[in-house]
Amino acid sequence: MSHRHQNFRNYRQERQVTRNRIIASAVFVLLLVSVLLGRLFYLQILQHKVYETKADDNRVLLLSIPPTRGLIYDRNGVVLADNRPIHSLTVVPERIKSVAWLKKQLAGVIDITPDEWHDFEQKLKEYRRPYQPITLKSQLTDAQWARVAVDLYKLDGVQVEAQLTRYYPYGKAFAHAIGYVGRITEKDLDRVDKQAYQGALFIGKTGVEGYYEHVLFGKPGISKVEVNARGRIMEELGRTPPVPGKSIHLYLDARLQQYAYDLLGNYKGSVVAIDPNTGGILALVSKPGFNPNLFVRGISSKDYAALRNSKELPLFNRALRGGYPPASTIKPYMALAGLQYGYSSWTERYFAKGYYQINPGGRKYRDWKRGGHGWINLQRAIIESVDTYFYQLADKMGITPIHDFLSRFGFGKSYLLDLYGASDGILPSKAWKRAKYNQPWYTGDSVNVGIGQGYMVATPMQMATAVSIIAARGHYYYPRMVKDIGDKPATFDGKGGVHNLILKDQSNWDKIITAMHKVITDPKGTGRRIDGTDYTIAGKTGTGQVFSLQDGQEYEANKLAKRLHDHALFIAFAPIDKPKIAIFAIFENGGSAAKPAELTKKLFDAYIDGKYPKRYDYLKGNSK
Numbered sequence: 131m132s133h134r135h136q137n138f139r140n141y142r143q144e145r146q147v148t149r150n151r152i153i154a155s156a157v158f159v160l161l162l163v164s165v166l167l168g169r170l171f172y173l174q175i176l177q178h179k180v181y182e183t184k185a186d187d188n189r190v191l192l193l194s195i196p197p198t199r200g201l202i203y204d205r206n207g208v209v210l211a212d213n214r215p216i217h218s219l220t221v222v223p224e225r226i227k228s229v230a231w232l233k234k235q236l237a238g239v240i241d242i243t244p245d246e247w248h249d250f251e252q253k254l255k256e257y258r259r260p261y262q263p264i265t266l267k268s269q270l271t272d273a274q275w276a277r278v279a280v281d282l283y284k285l286d287g288v289q290v291e292a293q294l295t296r297y298y299p300y301g302k303a304f305a306h307a308i309g310y311v312g313r314i315t316e317k318d319l320d321r322v323d324k325q326a327y328q329g330a331l332f333i334g335k336t337g338v339e340g341y342y343e344h345v346l347f348g349k350p351g352i353s354k355v356e357v358n359a360r361g362r363i364m365e366e367l368g369r370t371p372p373v374p375g376k377s378i379h380l381y382l383d384a385r386l387q388q389y390a391y392d393l394l395g396n397y398k399g400s401v402v403a404i405d406p407n408t409g410g411i412l413a414l415v416s417k418p419g420f421n422p423n424l425f426v427r428g429i430s431s432k433d434y435a436a437l438r439n440s441k442e443l444p445l446f447n448r449a450l451r452g453g454y455p456p457a458s459t460i461k462p463y464m465a466l467a468g469l470q471y472g473y474s475s476w477t478e479r480y481f482a483k484g485y486y487q488i489n490p491g492g493r494k495y496r497d498w499k500r501g502g503h504g505w506i507n508l509q510r511a512i513i514e515s516v517d518t519y520f521y522q523l524a525d526k527m528g529i530t531p532i533h534d535f536l537s538r539f540g541f542g543k544s545y546l547l548d549l550y551g552a553s554d555g556i557l558p559s560k561a562w563k564r565a566k567y568n569q570p571w572y573t574g575d576s577v578n579v580g581i582g583q584g585y586m587v588a589t590p591m592q593m594a595t596a597v598s599i600i601a602a603r604g605h606y607y608y609p610r611m612v613k614d615i616g617d618k619p620a621t622f623d624g625k626g627g628v629h630n631l632i633l634k635d636q637s638n639w640d641k642i643i644t645a646m647h648k649v650i651t652d653p654k655g656t657g658r659r660i661d662g663t664d665y666t667i668a669g670k671t672g673t674g675q676v677f678s679l680q681d682g683q684e685y686e687a688n689k690l691a692k693r694l695h696d697h698a699l700f701i702a703f704a705p706i707d708k709p710k711i712a713i714f715a716i717f718e719n720g721g722s723a724a725k726p727a728e729l730t731k732k733l734f735d736a737y738i739d740g741k742y743p744k745r746y747d748y749l750k751g752n753s754k
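In the numbering used here, the protein residues as written are 131 to 754.
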């Protein structure tokens with residue numbers, strides 16, 4: 131009999147297994163749902179602000195709005211630096227396929243020069259906000275604007291923007307005083323707030339524009355815009371308007387500035403005029419000048435090379451950096467030094483022959499007057515500009531007291547408050563010569579300095595500053611360009627107030643001024659050609675040697691190239707009792723001091739008596 135295997139199913143156990151699986155699955159699903167809900171809670175509730183901000187960053191952009199640059203006015207309200215509207219071709223780099231694509235698209239539409247492409251590609255490498263437009267070509271003509279406008283619909287990322295650009299209406303005569311703005315470079319961004327200058331087109335480089343950049347620039351605004359996936363602006367969501375830069379009013383007189391520039395004629399040179407009562411610079415002329423408008427949107431390589439390589443050095447600011455021997459214009463200061471330290475007096479007489487010798491039989495330091503001047507005193511020495519008197523005075527004094535006293539007038543340093551780049555000139559000393567040449571100081575070096583020659587070098591600004599100190603009788607202000615910033619007077623961190631140069635005998639101020647007045651009025655005065663005004667003038671002529679003559683050698687201008695002719699210098703102020711203006715003028719290689727003296731008289735006539743030629747009425751402004 132066979133046995134059959136029988137299976138008995140355990141349904142209870144199977145139900146339990148199924149139930150366990152269902153519970154496990156449910157728990158698993160519940161855990162997944164819980165994790166998902168937790169994640170959603172974390173993202174939607176706890177991190178809502180974070181992701182909302184990130185989302186906004188993808189669709190909302192912040193664009194800088196450059197402020198309107200402050201204007202620059204002269205003392206009478208004449209605008210010397212203006213803003214003019216232009217149209218520029220700009221590109222949003224994020225919206226173009228590539229620079230090569232852009233070049234292909236614009237070919238035949240508008241002419242972009244290699245320099246403009248180079249500048250554009252350089253700007254692509256610089257720091258900027260995303261989607262901030264970059265200017266490719268500025269100052270579009272009407273014809274260029276029209277051609278681009280026709281094709282703008284297919285030039286994604288390219289647009290024409292209305293912009294304000296700097297404009298200098300009076301050009302060359304004001305270039306070195308006002309300065310100019312130029313395109314912002316990487317080097318410029320190292321000295322300013324990069325965020326603030328996003329979207330800005332230019333920055334002050336030189337002159338007033340450079341020194342007062344922080345005032346003129348203003349504060350940028352912000353535009354909050356919504357963009358689509360391709361970066362195209364859909365709408366503006368909000369705006370913080372920019373704060374315009376503050377306008378500046380200068381002490382500069384535009385008519386005087388232009389007149390002085392023109393009076394230099396075809397000569398290179400400089401004129402600096404200062405109001406002794408305030409230190410305000412009334413004119414700051416360096417000739418030749420240049421057109422500052424060339425630099426505003428980026429000067430071409432060709433134009434810059436022409437300026438840089440010119441033998442006339444139009445980019446060189448002679449007023450602040452030109453180094454000249456002060457020549458005989460130093461004699462009033464030498465006279466005061468001798469009086470201060472007891473090496474001379476007003477009554478002492480001196481026999482001035484045609485030369486001076488340190489040692490008998492030694493080198494002859496010659497006077498400009500071959501036969502000499504005979505018996506003279508200190509006043510006559512100034513009136514007739516007697517070289518031999520000042521040779522012997524410098525010999526007696528030595529360089530140390532000369533250096534110490536002249537430094538009090540601003541020689542050897544710059545007192546200028548608000549322009550960059552002013553040279554200190556050279557006020558030599560024993561220590562200076564040892565450091566410069568590793569040589570001792572000789573008596574002959576002092577003798578040369580006594581007539582403003584040798585190692586001594588001064589700038590036109592220093593010479594104008596020094597004569598304004600005499601005009602103010604020692605109570606003077608440091609020279610400055612800016613009078614008002616916005617509606618408030620300019621301040622200079624405590625340096626803008628009155629300074630005092632006290633003499634042991636304060637009456638020597640009036641005595642030296644009397645001597646300088648007789649330079650103009652005395653029949654033998656070296657400045658007698660400009661006598662005959664209805665106001666009083668105190669002045670001093672000077673003739674600066676360009677090269678040194680050998681002992682016994684004669685200066686013969688007609689046998690020399692013009693570049694070897696003497697410089698012609700003049701310092702003066704007027705009126706004597708209540709000075710309104712002090713001037714230094716130099717004609718490079720001008721020969722005779724009559725040239726700067728006559729120029730100065732014409733400027734005095736204009737400024738004091740209002741005798742400007744009618745052709746300068748366009749610069750009159752609000753002056754009366």
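Positions of the beta carbon are idealized from the N, C-alpha and C atoms, including for glycine.
Report all residues from its chain with a CB closer than 8 angstroms to the CB of residue i; omit the five preceding and five following residues, and keep chain order.
i    : result
G542 : H533, L536, D554, G555, I556 and L557
V290 : H217, S218, L219, T220, L270, W275, V278, A279 and L282
E224 : P260, Y261, G287 and G361
Considering only DSSP beta bridges, list what residue i is partnered with.
i    : result
W498 : In DSSP, W498 forms no bridge with anything.
T673 : A698
I506 : Y480
G399 : K417 and F717
G410 : R610
K349 : V373
Q293 : I216
F332 : R313
P299 : P299 pairs with nothing; no bridge assigned.
N630 : H605
Q487 : K494
G453 : In the DSSP output, where bridge partners are listed per residue, G453 has none listed.
V209 : Y203
F809 : Nothing about residue 809 can be read from this structure; the chain reaches only from 131 to 754.
T265 : T220
Is it buried or exposed for residue i, if we count other Cβ within 10 angstroms and need 16 for buried?
i    : result
L549 : buried
T459 : buried
L679 : In this prediction, L679 has a pLDDT of 49, which is less than 50 and means its spatial position is unreliable; what the coordinates show is noted afterwards. With fewer than 16 other Cβ atoms within 10 Å, it is exposed.
R369 : exposed
K634 : exposed
L266 : buried
T595 : buried
H379 : buried
G584 : buried
Q755 : Because the chain in this structure spans residues 131 to 754, residue 755 falls outside the shown range and cannot be described.
K227 : exposed
L170 : exposed
W639 : buried
D517 : buried
K255 : exposed
I643 : buried
Which whole-angstrom value is the C-beta distance of residue i and residue j, which I expect to be below 8 angstroms?
i    : j    : result
M646 : G669 : 6 angstroms
T671 : A727 : 6 angstroms
K625 : Y608 : 6 angstroms
T730 : E514 : Not quite, the Cβ-Cβ distance comes to about 20 angstroms (not below 8 angstroms), so this is no contact.
A457 : V415 : Their Cβ separation, rounded to whole angstroms, is 20 angstroms, which puts A457 and V415 out of contact at 8 angstroms.
G309 : V355 : Going by Cβ atoms, the distance from G309 to V355 rounds to 35 angstroms, so no, they are not a contact pair.
L191 : I352 : That belief does not hold up - the Cβ atoms of L191 and I352 are roughly 10 angstroms apart, past 8 angstroms.
G375 : R564 : With 8 angstroms as the limit, G375 and R564 do not qualify as a contact, their Cβ atoms being about 48 angstroms apart.
S377 : L201 : 4 angstroms
Residues in its own chain within less than 7 angstroms of residue i by CB, not counting five upstream and five downstream?
i    : result
L162 : none
R538 : L631
L285 : Q235
S132 : Any reading at S132 must be qualified, since the residue scores a pLDDT of 49, below 50, and its modelled position is unreliable; the value itself is stated next. Excluding positions up to five away in sequence, the list is empty.
Excluding five sequence neighbours on each side, which residues of the same chain lie with their C-beta closer than 6 angstroms to the C-beta of residue i?
i    : result
I667 : I650, A702 and A704
Y742 : R385 and A736
D323 : none
F520 : K461, M464, G580 and I581
Taking only beta-carbon atoms, is residue i less than 7 angstroms away from chain D?
i    : result
Y585 : No chain D is present in this structure, which holds just one protein chain.
Problem - Cβ contact (3+ pairs, closer than 8 angstroms) linking the region 327-345 and the region 239-249 - result: Between the region 327-345 and the region 239-249 there are fewer than three C-beta pairs closer than 8 angstroms, too few to call the two in contact.
Exercise for the section: Would you be able to state if there are at least three C-beta pairs under 8 angstroms between the region 511-528 and the region 471-491? Expected result: Verdict: yes, contact present.
Practice task
Please confirm if the region 236-243 is in contact with the region 302-311, defined as three or more CB-CB distances below 8 angstroms between the two stretches.
Solution key: Judged by Cβ distances under 8 angstroms, the region 236-243 makes no contact with the region 302-311, as fewer than three pairs qualify.
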